[in-house]
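Reading through the structure tokens given below for one structure.
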Amino acid sequence: MTYGYPPPTPARPPLSSGDLAASISALVLTYVGGGVAAFFAVFALAFTDYCPPATCHIDAGINAMAAGFIAAALVALAGTVVTVIRLVKRLRAWPFAVGTLGLCAVLCIGAIGGYIAAVGG
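With the working numbering applied, the sequence shown has no gaps in its numbers, which climb one by one up to 122 at the end.
Quick look at the structure:
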């Protein structure tokens with residue numbers, strides 16, 4: 002008999018240490034990889050010294066680079082939020098963290114590829 006008290010809530014399941022480690026590792030790789038890609042992208046933009054007008058469109062290259070990296074940053078932020086929420090709720094989170102890593106890698110590679118295609122080489 003509970004004598005007017007509400008029944009106790011069930012115990013929360015334990016947090017999986019493997020899930021936590023995989024999620025944190027994937028998110029750290031996402032941000033480190035994005036930072037390294039952005040670093041190289043800035044240097045690619047800085048050292049584009051010769052751009053013949055017939056084959057090179059530097060404005061299109063800059064737009065491709067900016068759009069790709071902005072999209073990657075938004076995906077990284079959204080993926081981090083979803084991963085943390087799932088970790089707090091004690092649900093499996095590593096697939097979302099790994100998906101964030103993969104999607105950000107594709108977006109960064111696409112940004113650099115768009116720049117290379119726009120400047121001709």
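For glycine and all other residues, C-beta sits at the position ideal for the given N, C-alpha and C. Keep in mind it's a predicted model, so treat the numbers as computed, not measured.
With a 10 Å radius around its C-beta and 16 neighbouring C-beta atoms as the bar for buried, classify residue 113 as buried or exposed. buried
CB-CB under 6 Å to residue 95, same chain, minus the five flanking residues each way: which ones, in chain order? 20, 23 and 24
Going by Cα to Cα distance, which pick from 64, 17, 71 and 28 is closest to residue 138? Since the first and last residues shown for the chain are 2 and 122, residue 138 lies out of range.
Cutting at 6 Å between CB atoms, please list the residues of its own chain near residue 99, excluding the five before and the five after it. 27
Just verifying my parser: in three-state terms, what is the DSSP assignment at residue 12? coil
Residue 108 versus residue 93 - alpha carbon distance: 25 Å
C-alpha distance - residue 4 paired with residue 16, whole-angstrom precision: 33 Å
Cβ neighbours of residue 49 in the same chain (closer than 7 Å, five flanking residues each side left out): 59 and 120
Per DSSP, what kind of secondary structure is residue 49 in: helix, strand or coil? coil
Opening and closing residue of the alpha helix (DSSP H) in which residue 88 lies: 59–89
Identify which residue in 7, 51, 6 and 14 has its Cα closest to the Cα of residue 90. 14
Identity of the residue in 87, 73 and 55 nearest residue 33 by Cα: 73
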